[in-house]
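Here's the structure we're looking at; comments come further down.
In the UniProt record's numbering, the protein residues as written are 1 to 83.
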């Protein structure tokens with residue numbers, strides 16, 4: 001058996017959520033479209049990942065050329081695990 005939320009509590013939650021939506025819309029900007037922003041971010045993430053993958057391929061080739069490890073190349077260039 002589930003506990004029921006009173007109508008008063010439901011209305012309070014609705015008002016709180018509406019206030020949060022309004023605040024977020026002000027932060028985002030009245031004319032901004034959230035779906036467009038998300039789409040733009042996804043495209044940028046794809047471009048970033050493609051560049052990172054290409055860089056890792058080049059680092060791998062450089063490591064093979066130098067007959068060393070990829071880890072050593074990372075260390076040589078000061079790259080961290082977050083890079």
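Even glycine gets a Cβ: it sits at the ideal position worked out from N, Cα and C.
These figures come from a predicted structure and were not determined experimentally.
Taking the straight line between their C-alpha atoms, what separation do you get for residue i and residue j?
i	j	result
residue 53	residue 46	10 Å
residue 87	residue 22	Outside the shown range of the chain, which is 1 to 83, sits residue 87, and nothing can be said about it.
residue 1	residue 10	With a pLDDT of 43 at residue 1, under the threshold of 50, the modelled position of this residue cannot be trusted; read the value that follows with caution. The straight-line gap from Cα to Cα measures roughly 19 Å.
residue 25	residue 36	14 Å
Less than 8 Å between the C-beta atoms of residue i and residue j, yes or no?
i	j	result
residue 70	residue 60	yes
residue 72	residue 63	yes
residue 34	residue 28	yes
Taking the continuous alpha helix (DSSP H) assigned at residue i, which residues delimit it?
i	result
residue 39	34 to 66
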